[in-house]
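Enquirer: Residue numbers (the working numbering): 134 to 444.
Every residue gets a Cβ at the ideal spot worked out from N, C-alpha and C, and that includes glycine.
A quick note: this is a predicted structure, and the numbers were derived from the prediction, not measured.
Sharing a structure here in structure tokens format.
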């Protein structure tokens, strides 16, 4: 399958299917142990969720028509998310639901590494009728968390009936918890897998990134993108295989770095960039994300990225 495409041609742009949540960011000197009592450094609430993070990074990275398909529920966190989206002028194409929204507790250690404690709610539940009337899309983003949920098959059903030109799949750290039957359906759809080094090696039981990527490629027959933290990214695509160096950054936290990376790749490919160049720019977007607190790019970072030529 080709590693680049153009918007238009009787198809819509980019669709981001998944969660939008409140990230409760807790900076702690260390992770607690059983029965421990740790005094945290600080806490704040930020808009997050894998689909939202990828969506907002795509809009910052390159011109593209982006649609967020993220159900927002009720309760304290649902009200907070709804108000935050309204403040940003964002309307989700998925309906409002009565089930309470969950949230994500993000424990951030001094080196910026994050550990998530997640309460899944309405933002992870999907109904077949919600997808009725949606157009076909050039590119679709999907996270492994949504696939793992009981209603993940609903999303896959729709994708099989309306396959996008490019399906981008980010399985996440719970990759081995995704039922094999669902993973097989994603591979049959020829998904572009986007995952980090640990996730890839965990899934393939292979410690060599290049070898592991080739193993995954033999199953998907499509591109594989592996993020390597500060070292950059490895790309195995149609006619290309290379390591793309990272961009130096002072790490505040790593929340949403992978989400931002895949969102940027999607937007840059939609703008016509070859895969390697799209990943090169995505490395810059990820560096901008880890340089601040939380996953949502600041207005200053968005302006800088938009004003910087892609080529």
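1) List, from N- to C-terminal side, the beta strand (DSSP E) runs of 3 residues or more that fit wholly inside the region 186 to 242.
2) To the nearest angstrom, how far is the alpha carbon of residue 282 from that of residue 258?
3) Count the C-beta pairs between the region 271 to 279 and the region 302 to 311 that are closer than 8 Å, then say yes if the count reaches three, no if not.
4) Tell me which residues share the same chain as residue 311 and place their Cβ nearer than 7 Å to its Cβ, disregarding the 5 neighbours each side in the sequence.
5) My output table needs one value for residue 380: the three-state DSSP class, helix, strand or coil.
6) Given that a residue counts as buried once 16 or more other Cβ atoms are within 10 Å of its Cβ, and exposed if not, what is residue 372?
7) With distances taken between CB atoms, is the gap from residue 329 to residue 379 smaller than 8 Å?
8) Nearest-angstrom Cα distance between residue 159 and residue 186?
9) Would you give the residue range spanned by the alpha helix (DSSP H) that residue 416 belongs to?
10) Once the 5 residues before and after residue 296 are set aside, which same chain residues still bring their CB inside 7 Å of it?
11) DSSP state of residue 78, grouped into three classes?
12) Looking only at its chain, what residues have a beta carbon closer than 8 Å to the beta carbon of residue 225, apart from the 5 residues adjacent to it on each side?
13) Could you tell me which of 244, 266 and 213 sits nearest to residue 221, measuring between CA atoms?
14) Near residue 352, which residues of its chain fall below 7 Å by C-beta distance, leaving aside the five closest residues on each side in sequence?
15) From residue 268 to residue 243, what does the alpha carbon distance come to, in whole angstroms?
Expert: To lay it out plainly:
1) 199 to 202, 205 to 207, 229 to 233 and 236 to 241
2) 8 Å
3) Output reads yes: the region 302 to 311 touches the region 271 to 279.
4) 277, 280, 281 and 304
5) coil
6) exposed
7) no
8) 18 Å
9) 408 to 423
10) 322
11) Only positions 134 to 444 of the chain appear in this structure, which leaves residue 78 out of reach.
12) 153, 201, 202, 203, 204, 205 and 218
13) The shortest C-alpha separation from residue 221 is found at 213.
14) Correct list, in chain order: 320.
15) About 45 Å.
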